[in-house]
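Under my numbering, the first residue of the sequence shown is numbered 1, with each subsequent residue one higher.
All C-beta atoms in this analysis are idealised placements derived from N, C-alpha and C, irrespective of residue type, glycine included.
No experiment lies behind these values; they were computed from the predicted model shown.
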Amino acid sequence: MTFTRAQWRDLILIAGLAALVAAAALGAGRFDLVSGNRAGAVYDRTYTPQEPLRASIERVEGDWTLVREGLTLDPGRSGVLTIRLRNLHEGRLVAMLFGRSGDGFHFTLAVSPDGAKPFRPVAGDVSLDGGRVDLTPVAGNLKTVAMRIQASTEPRGAAGVISRIRVVVVNPPLVLPNVPIASVLVLAPVLAYLVRARRHGAGALVYGLAVLAALALMTEAMAWDRGTADPARWWEAVMASQDRDFYLLGPYALLLLLFWWAAPVQAAGAAPEPDNTWAWFAMGGILALGGSRRLGALAEMAWSPLDPDVITYIQLAERMQGPYDTGSREPLWLWIVKAWLGLAGNTTLSLRVLTVLLSLVLLGLAFKVFRDYTGRPLVGVLVAGFLAINPYLISLSVRGLRDEAYLIAVLSFVSFTLVKYPSRTPRAQVLGLAVSGAAALLLRLNSYTFVLPLLLYWVWRQGAAKWKQATLALVLITVVTVPHLVHNARTFGDPLYSMNVHFVWMRNVEFVAIKKTGCAGCPTPEELQVNATRGPSLSAFDYLFGYHSVREVVATTLRGYRDAYLRPTPLFQIQSGTQSRLGFAIYLVGVFLVLLGPYWEMLALMVLLANAVPFALAIGIDPRLAVHTVPFVTFCLACGLWGVADVARQLWRTVGEASWARPWPHGAACRLTGTQSDIGRPIGAGPRGAAGT
1 MTFTRAQWRD
11 LILIAGLAAL
21 VAAAALGAGR
31 FDLVSGNRAG
41 AVYDRTYTPQ
51 EPLRASIERV
61 EGDWTLVREG
71 LTLDPGRSGV
81 LTIRLRNLHE
91 GRLVAMLFGR
101 SGDGFHFTLA
111 VSPDGAKPFR
121 PVAGDVSLDG
131 GRVDLTPVAG
141 NLKTVAMRIQ
151 ASTEPRGAAG
161 VISRIRVVVV
171 NPPLVLPNVP
181 IASVLVLAPV
191 LAYLVRARRH
201 GAGALVYGLA
211 VLAALALMTE
221 AMAWDRGTAD
231 PARWWEAVMA
241 SQDRDFYLLG
251 PYALLLLLFW
261 WAAPVQAAGA
271 APEPDNTWAW
281 FAMGGILALG
291 GSRRLGALAE
301 MAWSPLDPDV
311 ITYIQLAERM
321 QGPYDTGSRE
331 PLWLWIVKAW
341 LGLAGNTTLS
351 LRVLTVLLSL
361 VLLGLAFKVF
371 RDYTGRPLVG
381 VLVAGFLAIN
391 PYLISLSVRG
401 LRDEAYLIAV
411 LSFVSFTLVK
421 YPSRTPRAQV
431 LGLAVSGAAA
441 LLLRLNSYTF
451 VLPLLLYWVW
461 RQGAAKWKQA
471 TLALVLITVV
481 TVPHLVHNAR
491 TFGDPLYSMN
501 VHFVWMRNVE
511 FVAIKKTGCA
521 GCPTPEELQV
531 NATRGPSLSA
541 FDYLFGYHSV
551 REVVATTLRG
561 YRDAYLRPTP
571 LFQIQSGTQS
581 RLGFAIYLVG
591 VFLVLLGPYW
601 EMLALMVLLA
611 NAVPFALAIG
621 IDPRLAVHTV
631 PFVTFCLACG
641 LWGVADVARQ
651 LWRTVGEASW
661 ARPWPHGAAC
671 RLTGTQSDIG
681 RPIGAGPRGA
691 AGT
């Protein structure tokens, strides 16, 4: 759309007023997401003979005996229990003790920074029926804490028992302003102005201001509805949440529909022009919805225990002395973690916020890649929309893991190999291939399984003239990757250790945790709890064919592909966001359309990315291993939806309703059959058919 000077003044006025209203609402807490008081467990152990003590965490000295009731000290005996903890620095550090305190049983609780320095007494003879000891005054500033319980029982006393110790970080309520939903207060009035200007021209300013006033009143009404009878300021109790998102996003979606319907009608048989203005406003709504869902998950999960992988990332980042001093992990995510924690603060919450932000970047990148790949903005909008509401991606985004960064790297590399940008210079192409390819490898070293084939495919499609660009990109990737291989070789004796260690982990999880049969080289269940990668190094071939027959590998891998991509199972729900039969049927239509059209590369890419991962999925190992295929499964789902919609439109026109049915201005993303029409091109005639480098 083009605007006159007067229209630009109107738009600036509406946007400015809307921004002031949104800022005031945010400042008054109208969009706050508030969690309850949360206790994050630092240590929680019930002492029984069935769960032996872990030498790396717990050390028992003296006359303690481990019986069914717990750690016991008989009369006339004494003993010391030392526990090593990691302090998260996010609240008050509190220890709770449970057990049985008989007459004559006495103990003192003391702490030390590392167990080697002197212990400072904190409390003594605390009640063992959940008695609380606040460690914050003594240990609040320590990164690691050694907590010691020194106990004794008088000769004529009764035995004392410590059955459970729980150490928690008691966190205050977390208040997160829901900025994504608040942004709808700015987007909706501007969109309303454009709707009126496109349909009628006159009265657009009044219409936009009226929509702003209505949304502001509705926001205030929701706040009053959520208020409490407490005499304190009522807005401090307001908690906007996901279930209220619809009240702002619903009107916004209606405005989007009106804006789309008001698009100029295309002449019969003319190729439609994609409406990027509509697509960008649609993406604004998608980012608002996706951001709100992720903030809601963050409020729920902020104080939950971290994944062991995340704790490892933080510890390695803190100890890192050089760019490739990254232990057994690939370096790029550790670089990002170290830089972010230094910038935003060394807290687990800040790391979770980072992955939420990366998840939103992923939505925008998915829109751009699939829009440019197909030449159709609606395809990009649909893919981004499905990704925004995918429950697994929402929960994954608040865990502080590297998967969002890896998905961004994968999509970026796909963009540089499969999407053509005529304005891109050779230098930019080489740099893009090198940066995105290196990012993928330095996040997951096994990414070479698709980086190299895609580079070769790109050269084959472009011709021999592109060999120099591909070679230069490969050289740059090698330059930044080799130091990591050298680090692996020097530290672990295996250049590919950061990749192969995952096959050790998969073997241990499969045979010890899942099948519970054990294997040659496998740790015991107790050892697995301490170190999940214990045991001799393995390659992928060693793991697959050293511990399984060829027939078992083939059968299990095929079952994994079937369950993840060809059946409406929980694994398919992770990939697509839906497990419904209708959603699965639409997905199958999309697979059929993509397979028969020029976008078949997406299916080949799914298989290339999945590789042998479905073998692990079928066994029951972490489904996060295959999360990098989610955008491409979602692409098939989007194509299926638009294929079904296009057939429905054709049937609608066939039964004689075309007299009032307006053509769709953006074009259907995919078509099953039929001749060229004012809707769009068949699936085989999109811009990708001529470009797709």
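Quiz item: Taking Cβ to Cβ, would you say Ala470 is nearer than 9 angstroms to Ser397?
Solution: Not a contact, by the Cβ cut-off of 9 angstroms.
Practice problem: Give a yes or no on contact between the region 49 to 58 and the region 80 to 87, applying the rule of three or more CB pairs nearer than 8 angstroms. | Solution: Contact holds: three or more Cβ-Cβ distances are below 8 angstroms.
Quiz item: For His106, which three-state DSSP category applies?
Solution: Three-state result, His106: strand.
Practice problem: Report yes or no: do the region 368 to 383 and the region 328 to 338 share at least 3 C-beta pairs separated by less than 8 angstroms? | Solution: Three or more beta-carbon pairs separated by less than 8 angstroms are not found between the region 368 to 383 and the region 328 to 338, which leaves the two stretches without contact.
Quiz item: Among Phe615, His628, Ile181, which has the Cα closest to the Cα of Phe541?
Solution: Among Phe615, His628, Ile181, the Cα nearest to that of Phe541 belongs to Phe615.
Quiz item: Just how far apart, CA to CA, sit Leu393 and Arg424?
Solution: In this structure, the straight-line span from the alpha carbon of Leu393 to that of Arg424 is close to 32 angstroms.
Exercise. Go through the region 113 to 140 residue by residue and report every complete run of the alpha helix (DSSP H) that reaches 4 residues or more, in order.
Key: Segments of the alpha helix (DSSP H) lying fully in the region 113 to 140: 136 to 139.
Quiz item: So the alpha helix (DSSP H) Pro177 belongs to, where does it begin and stop?
Solution: The continuous stretches of alpha helix (DSSP H) do not include Pro177, which lies in the beta strand (DSSP E) extending over residues 175 to 177.
Exercise. Return helix, strand or coil for Val419, following the three-state DSSP convention.
Key: It is coil, neither helix nor strand.
Exercise. Give every residue of the same chain whose Cβ lies closer than 8 angstroms to the Cβ of Val42, excluding the five residues on either side of it in the sequence, and list them in chain order.
Key: Closer than 8 angstroms at Cβ, skipping near neighbours: Leu85, Arg86, Asn87, Leu88, Leu93, Val167, Val168, Val169.
Quiz item: How many Å lie between Arg697 and Pro172 at the Cα?
Solution: No information on residue 697 is available, as it lies outside the stretch 1 to 693 that the chain covers here.
Exercise. For my contact list, Gly157 and Arg100 are in at a C-beta cut-off of 8 angstroms; report their separation, rounded to the angstrom.
Key: Incorrect: roughly 12 angstroms between the Cβ atoms, too far for contact.
Exercise. Taking Phe632 as the reference, give the member of Val122, Val479, Val369, Arg427 with the closest Cα.
Key: When each option's Cα is compared against that of Phe632, the closest is Val369.
Self-check item: Neighbourhood of Thr556 by C-beta, 6 angstroms cutoff - its chain only, sequence neighbours within 5 removed
Solution: So the qualifying residues of the chain are Phe615, Ala618.
Quiz item: Taking DSSP as the reference, what is the three-state secondary structure of Ile83?
Solution: Ile83 falls in the strand class under three-state DSSP.
Quiz item: Along the chain, where does the alpha helix (DSSP H) that runs through Gln469 open and close?
Solution: Start and end: 467 to 492.
Quiz item: Can you pull the DSSP bridge partners for Arg100?
Solution: Arg100 pairs with Val161.
Quiz item: Met602 to Thr478, Cα distance in whole Å?
Solution: So the alpha carbons of these two residues sit roughly 27 angstroms apart.
Practice problem: Specify the secondary structure class of Thr347 as computed by DSSP and reduced to three states. | Solution: In the structure shown, Thr347 sits in coil (DSSP, three-state: anything other than H, G, I, E or B).
Exercise. Give me the Cα-Cα distance between Tyr247 and Ala22, rounded to the nearest whole angstrom.
Key: Each residue's Cα considered, the two are about 15 angstroms apart.
Self-check item: Beta carbon of Arg120 nearer than 9 angstroms to that of Val138
Solution: Yes, Cβ-Cβ distance for Arg120 and Val138 is below 9 angstroms.
Exercise. State buried or exposed for Ile12, treating a residue as buried only when at least 16 other CB atoms are found within 10 Å of its CB.
Key: By the 10 Å Cβ count, Ile12 comes out exposed.
Quiz item: With C-beta atoms as the reference, is Ala440 less than 9 angstroms away from Phe413?
Solution: The answer is yes: Cβ separation under 9 angstroms.
Quiz item: Which of helix, strand or coil does DSSP assign to Ile574?
Solution: Helix at Ile574.
Quiz item: From which residue to which residue does the beta strand (DSSP E) around Gly62 run?
Solution: For Gly62, the uninterrupted beta strand (DSSP E) segment begins and ends at 58 to 62.
Practice problem: Specify the secondary structure class of Gly692 as computed by DSSP and reduced to three states. | Solution: For Gly692, the predicted structure reports a pLDDT of 38, less than 50, and the residue's modelled location is therefore unreliable. The matter cannot be settled from this model.
Quiz prompt | Unbroken stretches of the alpha helix (DSSP H), 4 residues or longer, contained in the region 492 to 565 | solution = For secondary structure counted as the alpha helix (DSSP H) over 4 or more consecutive residues, the region 492 to 565 holds these complete runs in sequence order: 497 to 508, 525 to 530, 540 to 546, 550 to 565.
Quiz item: When you compare only the Cα positions, how much space is there between Asp646 and Ala585?
Solution: Using only the alpha carbons, I get a separation of about 16 angstroms.
Quiz item: Which residues in the same chain as Asp114 place their Cβ atom closer than 7 angstroms to its Cβ, once the five residues preceding and following it in sequence are excluded?
Solution: Correct list, in chain order: Thr144, Ala146.
Quiz item: Based on Cα-Cα distance, which residue from Val410, Phe259, Pro525 lies nearest to Leu455?
Solution: Nearest C-alpha to Leu455: Val410.
Quiz item: Would you report the Cα separation of Leu443 and His484, rounded to the nearest angstrom?
Solution: C-alpha separation (whole angstroms): 11 angstroms.
Quiz item: Roughly how many angstroms separate the alpha carbons of Gly70 and Phe450, rounded to a whole number?
Solution: Approximately 52 angstroms, taken between the alpha carbons.
Self-check item: Ile149, enclosing beta strand (DSSP E) - first and last residue
Solution: DSSP places Ile149 inside the beta strand (DSSP E), whose first and last residues are 144 to 153.
Quiz prompt | Proximity below 9 angstroms, CB of Leu496 to CB of Gly437 | solution = The beta carbons of Leu496 and Gly437 sit no closer together than 9 angstroms.
Quiz item: So does the region 505 to 524 actually touch the region 532 to 549, counting three or more Cβ pairs closer than 8 angstroms?
Solution: Here the region 505 to 524 lies against the region 532 to 549, with 3 or more beta-carbon pairs under 8 angstroms apart.
Exercise. Using three-state DSSP, classify Gly327 as helix, strand or coil.
Key: Gly327: coil per DSSP, three-state reduction.
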